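**Student:** Residue numbers (the numbering used here), protein chains in the order written: chain L, -9 to 76; chain A, 10 to 393; chain Y, 642 to 860.
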Amino acid sequence: MEELIKELKIKLIESLNLEEMTPEDIDVNAPLFGDEGLGLDSIDVLELIVLLEKDYGIRLANPAEGKAVFASIAVMADYVAKHRTK
Amino acid sequence: MERRIVITGSGVVSALGLGKAANEKAFAQGLRAIAPVRYLKTSLLDFPVGEVPASDDELMRLCGVSERIPRGSLLSVLALREALSEAGFADGAGMPLISGTTVGGMDLSEASFPEFSSLHDCGASTDAAADVVGGFGYRTTLSTACSSAANALAFGARLIRSGLVKRVVAGGAESLSDYHLHGFASLMILDREPCRPFDLGRAGLNLGEAAAFLVLESEEAALERGVKPLALLEGWGNACDAYHQTASSENGEGAYLSMLKALESAGLKSSDIDYVNAHGTGTPNNDASESAALRRVFGEVLPPVSSTKALSGHTTSASGSLEAVFCMIALKEGLIPAQQGLSTPDPACILPVTESLHRPLRHILCNSFGFGGNDTSLIIGRYE
Amino acid sequence: MKTVAIEKGTSLTELYRSLGGDYPKFFKMDIQCKLGYLLVEKLLQDAPDRFVPRKDVAVLVFSRSGSLADDKAFAATLDTFPSPAHFVYTLPNTVCGEIAIRNRFMGETRSYVLDSFDPEILGELVLEAFLDEESSSVIAIWADAPSEEEWEARAWLFTAQDLMPAHHCCHHGEGGCHHGEGHHEGGCCHGEGHGEGSCCHGEGHGEGQHEGCCHHKGE
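(1) Would PHE60(L) and VAL40(L) be called neighbours here (beta carbons separated by less than 8 angstroms)?
(2) Checking 8 angstroms against the spacing of the C-beta atoms, do ARG176(A) and ARG12(A) come in under that value?
(3) Where does ILE0(L) land, buried or exposed, given buried means 16+ other C-beta within 10 angstroms?
(4) Starting from the C-beta of PHE771(Y), find all residues in its chain whose C-beta is less than 7 angstroms away, skip the five residues before and the five after it, and write them out in chain order.
(5) Check distances from the C-beta atoms of the region 20 to 32 of chain L to those of chain A and list, in chain order, the residues that come in under 9 angstroms.
(6) Can you list, in chain order, the residues of its chain with a C-beta nearer than 6 angstroms to that of LEU83(A)? Leave out the 5 residues immediately preceding and following it.
(7) Using the DSSP secondary-structure output, state which residues sit across from ALA182(A) in a beta bridge.
(8) Which of the three DSSP states, helix, strand or coil, is assigned to ALA102(A)?
(9) Less than 8 angstroms between CB atoms is the rule here; does ALA726(Y) satisfy it with respect to chain L?
(10) Rounded to the nearest angstrom, what separates GLY20(A) and CYS336(A) at their Cα positions?
(11) Under 7 angstroms Cβ-Cβ, which residues of chain Y neighbour GLU10(L)?
(12) Compare the C-beta of TYR252(A) with all C-beta atoms of chain Y and state if any pair is closer than 8 angstroms.
(13) In chain order, what residues of the region 666 to 677 of chain Y put their CB closer than 9 angstroms to some CB of chain L?
(14) Using a Cβ-Cβ cut-off of less than 8 angstroms, give me the residues of the region 36 to 66 of chain L that come near chain B, in sequence order.
(15) Need the endpoints of the alpha helix (DSSP H) that LEU680(Y) sits in, please.
(16) DSSP has ARG148(A) in a bridge; who is on the other side?
(17) Less than 8 angstroms between CB atoms is the rule here; does PHE722(Y) satisfy it with respect to chain L?
(18) When the Cα atoms are used, what is the spatial distance from SER75(A) to SER85(A)?
(19) How about LEU225(A) and ALA161(A): are their beta carbons less than 8 angstroms apart?
(20) Taking its Cβ as the centre, do 16 or more other Cβ atoms sit within 10 Å of HIS820(Y), making it buried, or is it exposed?
(21) Any beta carbon of chain A sitting closer than 8 angstroms to that of GLY764(Y)?
(22) Look at the Cβ atom of SER267(A), then the Cβ atom of SER386(A), and state whether they are nearer than 8 angstroms.
(23) Just to confirm, are LEU216(A) and LEU242(A) a CB contact at a threshold of 8 angstroms?
(24) Going by CA-CA distance only, name the one from ILE672(Y), ALA796(Y), ALA714(Y), LEU656(Y) that's closest to GLU790(Y).
(25) Give me the chain A residues within the contact set of ILE782(Y), using Cβ-Cβ distance strictly less than 7 angstroms, ordered along the chain.
(26) Closest by CA to GLU43(L), which one among SER724(Y), LEU676(Y), MET670(Y)?
(27) Could you spell out where the alpha helix (DSSP H) holding ARG167(A) opens and where it closes?
(28) Starting from ARG795(Y) and walking both ways along the beta strand (DSSP E), at which residues does that stretch end?
(29) Can you tell me the Cα-Cα spacing of CYS375(A) and LEU320(A), whole angstroms?
(30) So who's on the other strand from ASN383(A), going by DSSP bridges?
(31) Residues of the region 262 to 292 of chain A in Cβ contact with chain Y at a cutoff of 9 angstroms, in chain order, please.
(32) Hey, how far is the Cα of ILE(-5)(L) from the Cα of LYS72(L)?
(33) Buried or exposed for SER127(A), going by 16 or more other Cβ atoms inside 10 Å?
(34) How far does the beta strand (DSSP E) with LEU701(Y) in it extend, from its first residue to its last?
(35) Residues of chain A with CB closer than 7 angstroms to the CB of PHE746(Y), please, in chain order.
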């Protein structure tokens, strides 16, 4: 799980252009969305949905599902570990 | 007193058919022309669209051209000829042509040179159509996504009002393309079913294609020619939502401002509006946002509202002028179209018209809201 | 009238940081939006009441390439996984949107694709923007970026003071007109005239500085 969490942090930073962040900056339990979190928005949800399919073979049906899965890195890692097909 | 801008000709090609007669008939019947992709070359077949019922070859034949030009240009040629003919012109007659498009000639580029699909510019597709029809003077192409054609009409009106020209031809065209069909799909805003504007279960929009153009003149210039105007372009307003690249703000600020500006420019009060042809794409976001804006403009008592995108699909850059033509049909027929695709109205949205209404109409408000928050509202009025 | 530019080869990230760097969304933008964003940051650096929502600033964006660089980037993802983050920038007018969101501009925004940088067209359209009485200033931007590395980026901020007082009244004729004959102070004038300030077309007698978009035969 440690590896996956690290991997997800790096992928997040890369695919969402979080240029000013390093993996150490991201708290595993911090909300990804909203002002207290990384301030991700609806387009970021869509990009993460693409990332899930591209890198882990997981297909989410709609953006609403995405918001729940991407609540935090920890929640995301959990979901990926359970549902990945790649 | 500002000079009045009149409409003396209109032309249209849409999923409802080629030419005004077909569109008027379908409009009156509330005919939904949303169906699976038939002509577009694409791997994405999951989403129904509002496709013009003609292949590129058929369109080439109808236009009388032998050299391939973009589908959007072919649609434009047909719509332009119809508008010019109605206005009493054999061709462009030296008038400026203002067209709104975003896809331009991408259908050709992506089919021939997929790696160059981004190189086929919008201005070229307008020029291609203008060259086939002939006779135009100044040409320009606006590209503000879904408000392009509405902005083209507003720009044409301003040119006339400034006194620089007496008449212009303005409108817009958009054909389907693999590129933007995939793009909209990646934003997850397409419905796998025919769209349901203002419905509780609405799940997105259906992409459509169309071309629609109007001949606009100053009232004196039209009367001088002995032509009776068909309708008035009474007002226009453009504002920026300043919220998000593709979503609208919760309180519909940009939409609210553009509607207010349109009313102001027409010298009308909100209570003067007899019908609102909404942007109403059928996405959860737009319909909620537009509803908020409508309530802010009209207060407790809303005029009848409906979205004709349930018939034609969302024709993006062409929607402003296509829907202006629908508004002209509504004025002419004294018909407010019912909202198609409605089964359970969303209580958080405005309640659209559920049954078609027949009554004389004087002023219609028409909304077109584009990606980037570029919001435009037009007011089409009965000529009297 | 104020004018700024961003030379090709400038590190946009460094420029962003030097201008305050408090807007992480910058890094998600395509090259055209980044340039537009930075040009306006430069123009409005010392402006009072920034970020108060307003409708009186019109934004006009011009380019030859539009969103071409991002269009290509999106096209490259079409065969496998179309990228929504790229798709939202495949329109030339998203520059207007990003500037409006950052600066809370709710007035007029327009985007044009031209064959080349054309000062005359720019000048005419800037003047036309002032015809809307709600617009007391106009930001005009030339941000042409056919790729991430190649660009031309300049911007101008015009205020109503750059135009002479009676600019609304007519386009042809005498007196306070900027087309035809007349006396023009400041701002954009077309045709013949006696001009001060910038953006003159045609013949004119100019005092002061003519920067930015300017063709004139003058003294």
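Positions of the beta carbon are idealized from the N, C-alpha and C atoms, including for glycine. Given the structure is predicted, the values throughout are model-derived calculations rather than measurements.
**Tutor:** Taking the coordinates as given:
(1) Here residue 60(L) corresponds to residue number 70 of the first sequence, with the count starting at 1. Here residue 40(L) corresponds to residue number 50 of the first sequence, with the count starting at 1. Result no, Cβ atoms of PHE60(L) and VAL40(L) do not sit closer than 8 angstroms.
(2) Counting from one through the second sequence, the residue named residue 176(A) turns up at place 167. Counting from one through the second sequence, the residue named residue 12(A) turns up at place 3. Not in contact: ARG176(A) and ARG12(A) (Cβ atoms no closer than 8 angstroms).
(3) Reading the first sequence from its first residue, position 10 is the one you call residue 0(L). Under this definition ILE0(L) is an exposed residue.
(4) Locating residue 771(Y) in the third sequence gives position 130, counting from the first residue. Excluding sequence neighbours, PHE771(Y) sits near VAL779, ALA801, LEU804, HIS808.
(5) ASP31, SER32
(6) By 1-based counting over the second sequence, the position of residue 83(A) is 74. Excluding sequence neighbours, LEU83(A) sits near LEU68, CYS72.
(7) Locating residue 182(A) in the second sequence gives position 173, counting from the first residue. Per DSSP, ALA220(A).
(8) Translated into the one-based positions of the second sequence, residue 102(A) becomes position 93. Looking at ALA102(A) - three-state DSSP - the assignment turns out to be coil, as it is neither helix nor strand.
(9) One-based indexing of the third sequence puts residue 726(Y) at position 85. True, the Cβ-Cβ gap to chain L drops below 8 angstroms.
(10) Here residue 20(A) corresponds to residue number 11 of the second sequence, with the count starting at 1. Here residue 336(A) corresponds to residue number 327 of the second sequence, with the count starting at 1. Distance between the alpha carbons of GLY20(A) and CYS336(A): 13 angstroms.
(11) Here residue 10(L) refers to the residue found at position 20 of the first sequence. Neighbours of GLU10(L) on chain Y, chain order: PRO665.
(12) By one-based count along the second sequence, residue 252(A) stands at place 243. It does; some Cβ of chain Y falls within 8 angstroms.
(13) LYS666, PHE667, PHE668, LYS669, MET670
(14) Here chain B cannot be found, since the structure's protein chains are L, A and Y.
(15) The sequence position of residue 680(Y) within the third sequence is 39, counting from 1. It spans 672 to 684 - the alpha helix (DSSP H) in which LEU680(Y) sits, taken as one unbroken run.
(16) Locating residue 148(A) in the second sequence gives position 139, counting from the first residue. Answer is LEU106(A).
(17) Your numbering for residue 722(Y) matches position 81 in the third sequence. With 8 angstroms as the cut-off, PHE722(Y) counts as an interface residue toward chain L.
(18) Here residue 75(A) refers to the residue found at position 66 when the second sequence is read from its first residue. Here residue 85(A) refers to the residue found at position 76 when the second sequence is read from its first residue. Roughly 16 angstroms separates the two Cα atoms.
(19) Position 216 of the second sequence holds residue 225(A). Position 152 of the second sequence holds residue 161(A). No, these two residues do not count as a Cβ contact at 8 angstroms.
(20) If you number the third sequence from 1, residue 820(Y) lands on position 179. Since pLDDT at HIS820(Y) reaches only 39, below the 50 mark, its modelled position is unreliable, and the value read off the structure follows with that caveat. Burial call: buried.
(21) In the third sequence, counting from the first residue as 1, residue 764(Y) sits at position 123. Not one chain A Cβ lies under 8 angstroms of GLY764(Y).
(22) Locating residue 267(A) in the second sequence gives position 258, where the first residue counts as 1. Locating residue 386(A) in the second sequence gives position 377, where the first residue counts as 1. Their beta carbons are under 8 angstroms apart, which means SER267(A) touches SER386(A) by this criterion.
(23) Mapped onto the second sequence, residue 216(A) falls at position 207. Mapped onto the second sequence, residue 242(A) falls at position 233. Contact flag unset, no.
(24) On the third sequence, position 149 is the one that residue 790(Y) refers to. Selected option, being the one with the closest Cα: ILE672(Y).
(25) Within the third sequence, numbered from 1, the residue matching residue 782(Y) stands at position 141. Residues of chain A passing the Cβ test: none, with the nearest at roughly 14 angstroms.
(26) Residue numbering aside, residue 43(L) sits at position 53 when the first sequence is read from its first letter. Measuring from the Cα of GLU43(L), the nearest candidate turns out to be SER724(Y).
(27) The residue labelled residue 167(A) in the question sits at position 158 within the second sequence. Note, ARG167(A): alpha helix (DSSP H), 157 to 170.
(28) As a position in the third sequence, residue 795(Y) is number 154, starting the count at 1. For ARG795(Y), the enclosing beta strand (DSSP E) begins and ends at 793 to 800.
(29) Residue mapping note: residue 375(A) aligns to position 366 of the second sequence, counting from 1. Residue mapping note: residue 320(A) aligns to position 311 of the second sequence, counting from 1. Here the alpha carbons of LEU320(A) and CYS375(A) stand approximately 16 angstroms from one another.
(30) For the purposes of this step, residue 383(A) is taken as the residue at position 374 of the second sequence. Per DSSP, CYS249(A), GLY379(A).
(31) GLU262, GLY263, LEU266, LYS270
(32) The sequence position of residue -5(L) within the first sequence is 5, counting from 1. The sequence position of residue 72(L) within the first sequence is 82, counting from 1. Roughly 14 angstroms separates the two Cα atoms.
(33) Residue 127(A) sits at position 118 when you count from the first residue of the second sequence. Any reading at SER127(A) must be qualified, since the residue scores a pLDDT of 49, below 50, and its modelled position is unreliable; no value is offered.
(34) Translated into the one-based positions of the third sequence, residue 701(Y) becomes position 60. Run containing LEU701(Y): 698 to 704, per the beta strand (DSSP E) assignment.
(35) Against the third sequence, residue 746(Y) aligns to sequence position 105. Going along chain A in sequence order, the residues near PHE746(Y) (Cβ under 7 angstroms) are CYS249, ALA251.
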